[in-house]
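In this note's numbering, the protein residues as written are 2 to 177.
C-beta atoms are modelled at their ideal positions from N, C-alpha and C, and glycine is treated no differently.
Below is one structure; the comments refer to it alone.
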């Protein structure tokens with residue numbers, strides 16, 4: 002990939018995250034990136050395809066950066082790492098997660114998010130089973146709801162939990 006193509010994508014990610022997709026014209030992206038609008042269309046074809054590239058490459062970066070997270074053998078450590086995950090993800094990629102929040106109605110963004118999250122329920126259920134929780138399925142569903150709410154809250158900064166919330170939630174999940 003060319004450096005200019007990635008630079009355009011990085012600028013688009015920042016603008017889409019800050020302003021939203023509809024409020025970030027290709028003209029604005031070009032100006033902020035210091036390129037011509039024609040170059041954006043040459044590299045991506047359309048604004049929609051630029052958005053798709055930004056989402057797909059964002060998940061690719063996130064997966065690469067968090068590779069191995071599902072292989073933690075200790076079930077309690079794994080559960081605690083899942084609790085930390087939303088805070089880490091938003092800290093590492095704030096514009097990406099702001100954009101994901103803004104794209105709640107986008108089928109493409111939702112599909113990418115579901116694909117990213119797909120391995121988590123099975124692994125969580127196994128961890129809760131290993132820890133002998135009475136209802137691993139409900140514990141898994143509850144923790145996934147918490148994780149979803151936490152990344153959305155962190156991405157939008159509607160609340161500032163700091164380090165208190167992860168510690169509080171971790172205290173709820175211990176060996177049975």
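- If you compare the alpha carbons of 170, 30 and 22 with that of residue 146, the shortest gap goes to 170.
- Taking a cut-off of 8 Å on C-beta distances, the region 12 to 26 touches the region 91 to 100, as three or more cross pairs fall below it.
- Here residue 14 carries a helix assignment [DSSP, helix/strand/coil].
- Restricting attention to beta strand (DSSP E) runs no shorter than 3 residues, the region 69 to 146 encloses none.
- The beta carbons of residue 9 and residue 34 sit closer together than 8 Å.
- Following the DSSP letters along the chain, one finds residue 60 inside the alpha helix (DSSP H) bounded by residues 48 to 66.
- Of all alpha-carbon atoms in 123, 150, 149 and 148, the one lying nearest the alpha-carbon of residue 137 is that of 123.
- Counting along the chain, residue 31 sits inside the alpha helix (DSSP H) bounded by residues 27 to 34.
- When DSSP states are grouped into helix, strand and coil, residue 175 belongs to the coil group.
- With contact defined as three or more Cβ pairs closer than 8 Å, the region 49 to 67 and the region 127 to 142 are not in contact.
- Here DSSP, grouped into helix, strand and coil, assigns residue 158 to coil.
- In this model, residue 18 and residue 73 are separated by some 32 Å (Cα to Cα).
- Less than 8 Å divides the Cβ of residue 66 from the Cβ of residue 93.
- In the DSSP annotation of this structure, the continuous segment of the alpha helix (DSSP H) that includes residue 45 starts and ends at 38 to 45.
- Annotation: residue 27 to residue 107 spans about 19 Å, alpha carbon to alpha carbon.
- Around the CB of residue 78, fewer than 16 other CB atoms lie within 10 Å, so the residue is classed as exposed.
- Here residue 141 is near residue 125, since their CB atoms are less than 8 Å apart.
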